[in-house]
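K.L.:
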Amino acid sequence: MDTSRSANRLPELRGTGVPAVAGDDAIAVVRAFLAALERGDVEAASRGLHPEVELRIVPFRPIEGIAPVLRQLRKAASLISSMDITIHSIAANGETVLTERTHRIALLGSIELEFWMCGTFELADGSIAVWRDRFDLAEMTASMIRGVGTALSRLQIEQSPRR
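Per the UniProt record's numbering, the very first residue in the sequence shown carries number 1; after that it's consecutive.
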């Protein structure tokens with residue numbers, strides 16, 4: 001047994017001679033990407049994306065290429081006042097990283113959403129080439145309705161005449 005290898009490195013991809021990205025390295029790329037999204041820092045997030053990235057947020061249509069994906073991220077960032085991403089589970093197998101997360105988002109300052117998200121990130125050349133997220137559309141819709149209702153209630157309380 002060769003103990004000289006780093007615990008974080010895989011020897012190679014099944015005898016191909018091609019070095020494999022270690023799971024810990026792939027996880028670090030995904031964590032840094034999600035942290036940048038959480039901060040609303042699209043430019044930092046873009047550094048983790050492959051030029052030919054494909055974004056698939058199921059059940060919506062895929063977005064292909066760095067420019068369209070960044071446009072989408074900038075659009076989302078313009079609506080999001082704050083975001084908190086809790087990673088419940090994260091695991092990697094070579095260049096594929098799986099996540100289970102909860103997102104808490106404040107839209108337009110006062111509409112609060114909370115929903116779960118499961119993600120698959122496939123890396124190529126050390127950056128995210130495929131980003132697939134799945135969530136329950138019914139849960140997100142219910143969260144949106146609750147968020148709007150809460151925001152309207154706060155607005156009504158703030159505008160109530162004083163006695």
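No residue lacks a Cβ here, since even glycine has one placed at the ideal position from N, Cα and C.
A quick note: this is a predicted structure, and the numbers were derived from the prediction, not measured.
#1: Evaluate contact between the stretch 82–98 and the stretch 111–124, counting only Cβ atoms and requiring at least three cross-stretch pairs below 8 Å.
#2: Roughly how many angstroms separate the alpha carbons of residue 126 and residue 90, rounded to a whole number?
#3: State yes or no: is the C-beta of residue 96 nearer than 6 Å to some heavy atom of the ligand HEM?
#4: How far does the beta strand (DSSP E) with residue 101 in it extend, from its first residue to its last?
#5: Nearest-angstrom Cα distance between residue 51 and residue 76?
#6: Quick check: what's the CA-CA separation for residue 74 versus residue 152?
#7: What are the boundary residues of the beta strand (DSSP E) that includes residue 62?
P.N.:
The structure says:
#1: yes
#2: Position 126 of the sequence shown, counted from the start, is the residue given in the question as residue 126. Position 90 of the sequence shown, counted from the start, is the residue given in the question as residue 90. Taking the straight line from one Cα to the other gives about 17 Å.
#3: In the structure shown, the ligand HEM is absent, as is every other ligand, since no ligand is present at all.
#4: Your numbering for residue 101 matches position 101 in the sequence shown. Residues 96–107.
#5: Position 51 of the sequence shown, counted from the first residue, corresponds to residue 51. Position 76 of the sequence shown, counted from the first residue, corresponds to residue 76. Cα-Cα distance, rounded: 20 Å.
#6: Taking the sequence shown and counting its residues from 1, the one referred to as residue 74 is at position 74. Taking the sequence shown and counting its residues from 1, the one referred to as residue 152 is at position 152. Straight-line Cα distance between these residues: approximately 26 Å.
#7: Within the sequence shown, the letter at position 62 stands for residue 62. Counting along the chain, residue 62 falls outside any beta strand (DSSP E), and DSSP gives it neither H nor E.
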